[in-house]
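Enquirer: My questions will all concern the structure given below.
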Amino acid sequence: MAWLELNQVNVGFGPQDSRTEVLADVNLQVEENEFIAVIGFSGSGKSTLISTLAGLTTPDSGTVSIGGTVVTEPGPDRGIMFQNYSLLPWLSVYSNIELAVRQVFPEMSKADRLEYIQRYIDMVNLTGAEWKKPHELSGGMRQRLSLARTLSMKPEVLLLDEPLSALDALTRAQLQDEIIRIWEDDRRTVVMITNDVDEAVLMADRIVALTPGPEATTGRSFPVTLDRPRDRTTLNFNPEFKRLRNDVTRYMMDINEEAKELRFSESRQLPDCEPIDLSSPTNRMVAS
Amino acid sequence: MDGPMREWRLKQRLYQSEPIEPDTPSIQQRLRRMMYGGALALLSAFPLGCSDGDSEVSLDIPADLGMEAAAATSASSAGGNESTESVTASKKTLLDLEKDELKFGFIKLTDCAPIVIAREKGFFGEEGLQVEVIAQPNWKTLLDNVINGELDGAHMLSGQPIAATIGFGTKAHIITAFTMDLNGNGITVSNSIWEQMQQNDEALKSPTPKHPISAEALKPVVQSKLGAGEKLQMGMVFPVSTHNYELRYWLAASGIHPGFYTKSDIGGRTDAQVELSVTPPPMMPATLEAGNIQGYCVGEPWNQQAVAKGIGVPVTTNYDVWKNNPEKVFGVSKKWADENPNTHLAVVKALIRAGKWLDETDDSGALVNREEAARILSRPDYVGADYDVIKNSMTGFFYFQKTDKRPMPDFNVFFKYHCTYPWYSDGVWFLTQMRRWGQIAEPKPAEWYDEMAKEVYKPAIYLKAARMLVDEGLVDESDIPWETDGYKEATSDFIDGIPYDGRDPIGYLNSHKIGNKDETGSD
Amino acid sequence: MARPHAFQTQSRVTTNGKFMKYKIIKAIDVAGLNFLAPVVRLCYREEPKKQLEEIGRYIVIPVVAFTAFVALWAVIAPRHKTKSGEVPTPFVVWDAADSIWKFHDREGDKEDAYGLSGKTRDEKLLIVEKRLAQLGPLEDLADSQVKEVEKARSKFVDKMVSPLLGEYDKLSTQFSEAKKAREAGLQRDAELLTSGDRDRKNAYLAEVRSHAEQTEEERQTLKEIKAEEDAIRADKYPDLVAALSAQTKIAEERQYLGKLAEHLGKSNRTAKLEGQIAQLRSDQVAFMSAAGEEAFALARRIVKQEERIRKTSESTYAKPWTLPMQIYRSLACVFVGFFIGSAIAIPIGVLCGLSSTFMAAMTPFIALFKPVSPIVWLPIALIIVGGFIPDPDKHWLIDLLANLPLIGWMKINPAFIASAVTVALCSLWATMVNTALGVASIDKDHINVARVLRLGFWDRLVKIVIPSALPLIFAGLRISLGVGWMVLVAAELLSSSEGIGKFVWDQFNNGASDSFAKMMVVVFVVGFVGLLLDRIMIVFQRLVSFDEAPAAM
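Protein chains in written order, with my numbering: chain A, 15 to 302; chain B, 10 to 532; chain C, 86 to 638.
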């Protein structure tokens with residue numbers, strides 16, 4: 015049995031008679047310390063998936079289990095990094111991390127805690143900005159802070175919900191490298207949601223496709239066998255990289271076509287709206 | 010007159026160039042004044058504030074005194090209950106006060122003078138009392154504050170202690186040992202009513218008509234109003250105020266019915282030909298001008314104010330309704346008086362002296378202290394009206410119209426005619442009026458009137474205080490009615506000439522045409 | 086969003102002076118005094134033309150507008166006369182403010198004088214007596230001047246009135262004779278009438294009617310003359326006004342100095358103490374040589390005298406309330422009420438925000454009580470407070486309050502508490518509604534953070550919910566304080582609790598010639614204090630607001 019397992023997970027929203035199934039029969043196995051990228055189109059239920067993994071959304075049927083334990087509620091062992099950072103705007107960089115650290119390691123001494131927090135601030139290159147408030151930070155800095163906060167909880171599983179989608183290309187590349195660097199220093203299981211094939215190929219050990227919603231489910235899985243460390247400058251000329259990227263892209267296009275045909279073939283007109291997960295932090299960003 | 014005016018202006022400028030203040034307060038003083046109380050305390054905690062510590066007096070008391078004092082206390086358990094002592098240095102008897110910081114309430118009327126004068130002329134201080142005098146918004150609040158203990162005592166309408174004690178309105182046992190003054194009220198009607206009265210009575214057309222003016226000339230006005238389905242509206246200050254009874258008396262004496270109070274009609278308008286309503290004194294001129302009322306009965310300075318502003322004409326004073334009628338009393342709650350007997354005595358002593366000071370005359374019989382009193386009363390924290398307005402009535406003059414200024418030496422009486430003595434007969438008169446107009450719903454036996462008056466009026470306290478003042482040489486033996494049984498001689502000094510004898514309240518009730526009548530011997 | 090960041094980098098590279106400028110501008114911004122920013126910028130010579138324009142718009146124009154208002158007021162006020170008094174001009178209001186301050190100052194002097202001792206006291210007494218001696222002749226002069234002017238005035242009035250009076254008398258006799266003649270004629274005519282004869286009867290009626298009209302017309306004519314006469318009599322005589330005011334000034338100063346001399350002299354605390362101590366000494370001497378009954382009496386006297394000395398040494402001048410003191414007390418009252426209100430409103434608001442069930446339960450109360458006027462709350466508050474404090478002299482709460490610093494001296498009484506409660510009841514709604522809104526509209530992301538961290542209820546409340554609702558809570562508090570300040574004046578007026586409201590009521594009751602002007606002073610004082618309170622709350626609001634959104638002006 016895998017370390018992290020989704021077993022026949024179904025998630026839907028809305029009242030009984032007009033229910034929208036977002037996820038249908040999703041199965042996913044992730045090994046310990048594996049870096050998985052889940053790739054899918056907008057509105058395919060990626061965020062619902064990560065929310066279910068985090069325990070913020072309870073599946074209608076099926077189970078999510080980590081290390082053999084069934085997930086029933088959110089907790090710091092599954093560090094989730096939200097798409098829109100979810101920083102507390104009234105707290106400084108330091109205090110945002112401190113809030114998490116205090117809660118997860120209540121018995122840590124004050125001096126240790128100070129050092130511990132500083133380590134994470136340094137790790138994400140926010141040194142010098144300890145006492146700034148989130149609104150004084152740039153988008154990239156905020157995402158770094160969010161990462162530092164998530165990492166500082168020492169989660170067993172790291173859940174990244176389109177962590178870089180709101181950033182410009184350069185900052186994005188920089189942060190991708192940083193996340194990989196940190197992950198390589200301190201390996202753990204990672205599930206990353208993304209809509210960027212390059213990003214997935216660059217970062218993940220394995221790419222799992224999510225079919226377009228509604229009733230999204232896991233599609234093919236592509237193992238990435240590129241050696242680490244992967245250098246983004248030379249990777250573009252790596253045939254293996256090109257092949258993978260093409261395969262994934264083509265597969266994604268195909269299932270999208272399929273889905274469209276399926277949709278048009280049905281007489282029923284689907285509502286032109288996104289499923290709204292009230293408990294999910296992503297509902298706003300999905301629309302964008 | 011250009012010459013003297015220029016000279017006067019010059020002199021005025023001269024005056025203004027003089028320093029107004031004896032010296033400018035130091036910055037520190039000003040700062041202290043800015044910071045008030047607690048802030049002041051904080052400030053003085055710093056060395057800066059301590060520099061004026063010279064205000065502290067070091068009590069250089071010999072060390073052995075404490076021991077002696079202790080010995081004396083242990084011996085005092087056998088002491089008698091003598092509560093006073095005479096100090097050899099002066100003749101002044103200092104009472105053993107239960108409470109020395111007092112708060113007295115008053116309403117902004119010139120007849121609060123005894124309390125204000127006792128404070129400003131230091132009579133309270135000489136008794137060892139530290140008194141704060143606080144203006145009250147209306148008679149009801151004043152009474153409530155005396156009852157709830159917020160105030161130690163107050164300037165009250167004569168009817169108030171009686172009404173409170175018998176339970177008409179707010180029920181509480183209030184007593185009085187000091188009558189503050191006689192007379193002092195006037196009845197004012199609006200200009201248009203005055204004009205109509207003049208048409209009804211040619212004699213009133215003179216710029217100085219003959220007094221007393223009765224309500225006879227008003228009667229046709231009332232009748233015509235009634236014919237038009239309206240009732241004349243008049244204002245008075247409180248349901249149990251002297252003003253209410255005087256206005257009713259004046260109207261009824263000419264056969265105008267001012268209305269009965271009944272159990273269901275607490276506004277006192279049953280059968281009324283003229284409707285009376287309560288308006289706070291300071292609101293009277295404005296209410297008259299606004300046309301809500303066509304006349305009112307109120308104390309000074311609100312009648313003179315009407316003349317000064319040209320909005321009404323005082324037709325009569327209560328001196329004409331009843332010569333030397335009792336007006337205000339100094340009321341305290343029975344509970345307070347029982348708890349603070351010596352303080353009460355000291356207060357009455359100071360008030361008697363204030364009354365005497367106010368009625369001080371020179372050899373020619375002119376009042377000598379009234380201008381100073383008017384000056385003091387015009388201060389904003391006392392009566393606060395303009396000095397000119399207060400001065401008129403206080404110095405014994407009264408403007409009936411702008412052209413009609415008359416001497417009224419007895420308009421305000423604060424000491425003459427043994428007036429400060431709390432007469433039972435005064436209390437009984439108010440009780441008869443309450444019965445006459447239905448505020449007392451059931452007939453009462455004559456004895457009841459006497460008992461109630463004795464519940465409220467406490468001449469014993471007055472006489473004790475007066476005796477001390479006589480011993481101290483501050484009041485003459487003859488100033489005080491030592492031998493009285495508390496009932497004044499029967500008098501017929503009323504506008505309608507009906508005699509009043511406080512010993513026969515039922516007979517008095519029955520001698521009036523309008524009003525409730527009781528059977529004699531109903532006991 | 087990124088502006089402050091950019092500003093940081095910029096300031097690092099620019100000069101220190103520029104950094105200083107930004108600091109000042111930032112402070113101005115936090116304090117809500119944005120209109121000062123162009124001045125600062127101008128001082129640093131930054132785009133002078135633009136700054137001058139801004140200064141023109143935000144400083145010069147308001148000042149000009151206010152000046153125009155004052156000028157207009159000065160022009161219009163004297164034209165608007167009522168029988169109740171005149172609308173005071175700005176100058177009269179200024180004088181009234183001065184007289185309020187003078188009263189305050191003089192009472193302060195008396196208070197100081199009472200506590201003075203030693204050399205300072207003697208010196209001061211000397212100055213006061215010297216000035217008093219100066220004032221004596223001045224007062225006589227003023228009195229005689231007033232008499233003179235009065236004489237001159239009455240002469241003038243007589244001169245003006247006498248032709249009117251003559252005309253009045255003439256017309257009045259003429260009219261009454263004419264009336265008599267007419268009536269006699271009518272009477273004669275009446276005797277000629279016979280029964281029947283409709284036409285003649287009608288003609289006669291018309292005659293009588295015209296007689297009545299004539300009489301009424303004549304009466305009106307007389308009335309007009311009378312009114313003219315009254316107007317002359319009522320006219321202010323400027324010389325007399327000046328003379329009287331000078332006389333009043335002198336008389337008031339004399340009275341004040343007399344009282345001051347008294348407080349420096351015989352009723353000074355030290356003087357009283359000296360007398361009492363001397364008495365004590367002589368009693369002590371007598372006691373040493375006394376025995377038996379006499380010794381007992383003397384010992385008792387000594388004990389009493391000691392007590393008296395203790396009381397005297399603690400005594401202070403019973404100072405009447407002056408406007409500055411009343412403003413201070415009103416401020417204390419509004420803050421006490423504001424704190425009571427906030428202490429009720431914030432917890433309830435938080436509960437409402439957290440639980441929609443609780444919100445549903447509270448909605449009818451909020452809807453029902455929110456519009457109730459202070460005038461209704463106050464009597465209720467008075468009764469309730471009075472019920473808790475039956476005897477204010479001996480109640481623990483009053484004792485406690487009397488011993489507190491800063492507000493202890495204010496003689497806090499049930500009326501004060503009732504006013505504060507009224508303020509609380511009227512002002513708490515804004516805070517409550519805003520708090521509920523702030524808590525209910527908390528960002529779901531923040532809640533998710535709390536869920537992931539598994540924060541307990543209290544941690545969630547204290548660390549996430551309340552901080553996130555703070556900007557809205559403070560916006561509510563700001564409204565509440567504004568409402569409270571507005572309500573307070575009415576509450577004090579009704580409860581006769583010392584404060585600004587009581588001052589207004591007293592002035593209204595005084596009905597003196599300057600009472601109206603003094604009330605106008607209060608208008609400005611209340612407005613200014615309200616403005617100040619609002620500014621303070623804006624600063625707080627800005628300090629707690631974590632995003633860039635500026636607090637509403």
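All C-beta atoms, glycine included, are put in the ideal place defined by N, C-alpha and C.
Quick one: list the residues of chain C neighbouring residue 305(B), beta-carbon separation under 7 Å, in chain order.
Expert: Looking up residue 305(B) in the second sequence gives position 296. Within chain C, no residue comes near residue 305(B); the closest Cβ sits about 14 Å away, beyond 7 Å.
Enquirer: Would the beta-carbon of residue 88(A) fall within 8 Å of that of residue 68(A)?
Expert: Mapped onto the first sequence, residue 88(A) falls at position 74. Mapped onto the first sequence, residue 68(A) falls at position 54. Cβ distance < 8 Å, so residue 88(A) and residue 68(A) count as in contact.
Enquirer: By Cβ distance below 8 Å, which residues in the same chain neighbour residue 24(A) in space, the five residues on each side in sequence not counted?
Expert: Reading the first sequence from its first residue, position 10 is the one you call residue 24(A). Same-chain partners within the cutoff: 35, 37, 38, 39, 40, 73, 74, 75, 76.
Enquirer: Output needed for residue 75(C): all residues of its chain with C-beta closer than 7 Å, excluding positions within five of it in sequence on either side, in chain order.
Expert: With chain C represented from 86 up to 638, any question about residue 75(C) goes unanswered, as that position is not in the structure.
Enquirer: Could you have a look at residue 491(B) and say whether DSSP puts it in helix, strand or coil?
Expert: Walking along the second sequence from the start, residue 491(B) turns up at place 482. It is coil, neither helix nor strand.
Enquirer: Of the residues 203(B), 242(B), 386(B), 235(B), which one's Cα is nearest the Cα of residue 223(B)?
Expert: Sequence index remark: in the second sequence, residue 223(B) carries index 214 (1-based). Comparing Cα positions, the closest option is 203(B).
Enquirer: Which class does residue 239(A) belong to by DSSP, given the choice of helix, strand or coil?
Expert: Numbered from 1 along the first sequence, position 225 holds the residue referred to as residue 239(A). Reduced to three states, the DSSP call for residue 239(A) is coil.
Enquirer: Counting Cβ pairs closer than 8 Å, one from the segment 393-405 of chain B and one from the segment 507-518 of chain B, do we hit at least three?
Expert: Because the criterion of three Cβ pairs below 8 Å is not met, the segment 393-405 of chain B and the segment 507-518 of chain B do not touch.
Enquirer: For a minimum of 4 consecutive residues, which ranges assigned as the alpha helix (DSSP H) are wholly contained in the segment 224-262 of chain B?
Expert: Correct list: 228-236, 251-262.
Enquirer: With DSSP run on the structure shown, which of helix, strand or coil describes residue 30(B)?
Expert: Taking the first residue of the second sequence as position 1, residue 30(B) is located at position 21. Residue confidence is low: residue 30(B) scores 45 on pLDDT, short of 50, so the model does not pin down where it sits. Its coordinate-derived value is still stated next. It is coil, neither helix nor strand.
Enquirer: Any idea if residue 432(B) is buried or exposed, counting beta-carbon neighbours within 10 angstroms, 16 or more meaning buried?
Expert: Numbered from 1 along the second sequence, position 423 holds the residue referred to as residue 432(B). Looking at its Cβ environment, which holds 16 or more other Cβ atoms inside 10 Å, residue 432(B) is buried.
Enquirer: According to DSSP, simplified to helix, strand and coil, what is residue 220(A)?
Expert: Your numbering for residue 220(A) matches position 206 in the first sequence. In the structure shown, residue 220(A) sits in a strand (DSSP, three-state: E or B).
Enquirer: What runs of the beta strand (DSSP E), each 3 residues or longer, lie entirely inside the segment 383-470 of chain B?
Expert: Runs found: 406-410, 413-416.
Enquirer: Check each residue of the segment 78-100 of chain A: if its Cβ is closer than 7 Å to any Cβ of chain C, include it; give the result in chain order.
Expert: If the cut-off is 7 Å between Cβ atoms, the segment 78-100 of chain A has 88, 89, 90, 94, 96, 98, 100 near chain C.
Enquirer: At which residues does the beta strand (DSSP E) containing residue 339(B) begin and terminate?
Expert: On the second sequence, position 330 is the one that residue 339(B) refers to. Residues 337-342.
Enquirer: Would you mind sorting residue 203(A) into buried or exposed? The rule is 16 or more other CB atoms within 10 Å of its CB.
Expert: Along the first sequence, read from residue 1 onward, the residue named residue 203(A) stands at position 189. By the neighbour-count rule (16 or more Cβ atoms within 10 Å), residue 203(A) is buried.
Enquirer: What is the C-beta distance between residue 188(B) and residue 335(B), in whole angstroms, given that I count them as a contact (C-beta under 8 Å)?
Expert: Stepping through the second sequence from its first residue, residue 188(B) is reached at position 179. Stepping through the second sequence from its first residue, residue 335(B) is reached at position 326. 6 Å between Cβ atoms; contact.
Enquirer: Less than 8 Å separating the beta-carbons of residue 283(B) and residue 267(B)?
Expert: Against the second sequence, residue 283(B) aligns to sequence position 274. Against the second sequence, residue 267(B) aligns to sequence position 258. Yes, the Cβ-Cβ distance between residue 283(B) and residue 267(B) is below 8 Å.
Enquirer: Whole-angstrom Cβ separation of residue 189(C) and residue 490(C), contact assumed at under 8 Å?
Expert: For the purposes of this step, residue 189(C) is taken as residue 104 along the third sequence, with counting starting at 1. For the purposes of this step, residue 490(C) is taken as residue 405 along the third sequence, with counting starting at 1. Not a contact, Cβ separation roughly 22 Å.
Enquirer: Tell me, which residues are paired with residue 112(B) by DSSP?
Expert: To locate residue 112(B), count along the second sequence from 1; it is residue 103. Answer is 141(B), bridged to residue 112(B).
Enquirer: Taking Cβ to Cβ, would you say residue 452(C) is nearer than 8 Å to residue 348(C)?
Expert: Here residue 452(C) refers to the residue found at position 367 of the third sequence. Here residue 348(C) refers to the residue found at position 263 of the third sequence. Cβ atoms of residue 452(C) and residue 348(C): not closer than 8 Å.
Enquirer: Taking the Cβ atom as the reference point for each residue, do residue 315(B) and residue 297(B) lie within a distance shorter than 8 Å?
Expert: Here residue 315(B) refers to the residue found at position 306 of the second sequence. Here residue 297(B) refers to the residue found at position 288 of the second sequence. Yes, the Cβ-Cβ distance between residue 315(B) and residue 297(B) is below 8 Å.
Enquirer: Once the 5 residues before and after residue 201(A) are set aside, which same chain residues still bring their CB inside 8 Å of it?
Expert: Translated into positions along the first sequence, residue 201(A) becomes position 187. Counting only Cβ-Cβ distances below 8 Å, and skipping sequence neighbours, we find 47.
Enquirer: Using a beta-carbon distance cut-off of less than 7 Å, what residues from the segment 295-318 of chain C approach chain B?
Expert: Per Cβ criterion, the list reads 315, 318.
Enquirer: Measure how close the beta-carbons of residue 147(B) and residue 289(B) come, nearest whole angstrom, since I'm counting them as under 8 Å.
Expert: Along the second sequence, read from residue 1 onward, the residue named residue 147(B) stands at position 138. Along the second sequence, read from residue 1 onward, the residue named residue 289(B) stands at position 280. Indeed they touch by this definition, with Cβ atoms about 5 Å apart.
Enquirer: For residue 222(C) and residue 207(C), I'd like the C-alpha separation in whole angstroms.
Expert: Position 137 of the third sequence, counting from 1, holds the residue named residue 222(C). Position 122 of the third sequence, counting from 1, holds the residue named residue 207(C). Distance between the alpha carbons of residue 222(C) and residue 207(C): 24 Å.
Enquirer: Anyone know if the C-beta pair for residue 194(B) and residue 252(B) falls short of 8 Å?
Expert: Residue 194(B) sits at position 185 when you count from the first residue of the second sequence. Residue 252(B) sits at position 243 when you count from the first residue of the second sequence. Against a cut-off of 8 Å, the Cβ pair of residue 252(B) and residue 194(B) comes out as a contact.
Enquirer: Does residue 168(B) pass the burial test, meaning 16 or more other C-beta atoms within 10 Å, or should it be called exposed?
Expert: Here residue 168(B) corresponds to residue number 159 of the second sequence, with the count starting at 1. By the neighbour-count rule (16 or more Cβ atoms within 10 Å), residue 168(B) is buried.
Enquirer: Under 6 Å Cβ to Cβ from residue 85(A), same chain only, skipping five residues before and after it: list those, please.
Expert: To locate residue 85(A), count along the first sequence from 1; it is residue 71. So the qualifying residues of the chain are 69, 78.
Enquirer: Determine the direct distance from the alpha carbon of residue 122(B) to that of residue 490(B), and round the result to whole angstroms.
Expert: Within the second sequence, numbered from 1, the residue matching residue 490(B) stands at position 481. Within the second sequence, numbered from 1, the residue matching residue 122(B) stands at position 113. Rounded to whole angstroms, residue 490(B) to residue 122(B) spans 22 Å at the Cα level.
Enquirer: Taking any Cβ of chain A, which residues in the segment 188-219 of chain C have a Cβ under 7 Å from it, in chain order?
Expert: Those would be none; no residue qualifies.
Enquirer: Going along the segment 562-583 of chain C in order, which residues come within less than 7 Å of chain F, judged by CB to CB distance?
Expert: Absent from the structure: chain F. Protein chains present are A, B and C.
Enquirer: Between which residues of its own chain and residue 183(C) is the CB-CB distance below 8 Å, once the five residues before and five after are set aside?
Expert: By 1-based counting over the third sequence, the position of residue 183(C) is 98. Contacts found: none.
Enquirer: Could you work out which residues of chain A lie near residue 624(C), taking near to mean beta carbons separated by less than 9 Å?
Expert: One-based indexing of the third sequence puts residue 624(C) at position 539. The premise fails here: residue 624(C) is roughly 17 Å from chain A at the closest Cβ pair, so nothing lies under 9 Å.
Enquirer: With DSSP as the reference, identify every bridge partner of residue 34(A), one or two as the case may be.
Expert: For this step, residue 34(A) is matched to residue 20 along the first sequence. Paired residue(s): 27(A).
Enquirer: Which same chain residues end up closer than 7 Å to residue 270(A) when comparing Cβ atoms and leaving out the 5 residues on each side of it in sequence?
Expert: Here residue 270(A) corresponds to residue number 256 of the first sequence, with the count starting at 1. Closer than 7 Å at Cβ, skipping near neighbours: 55, 226.
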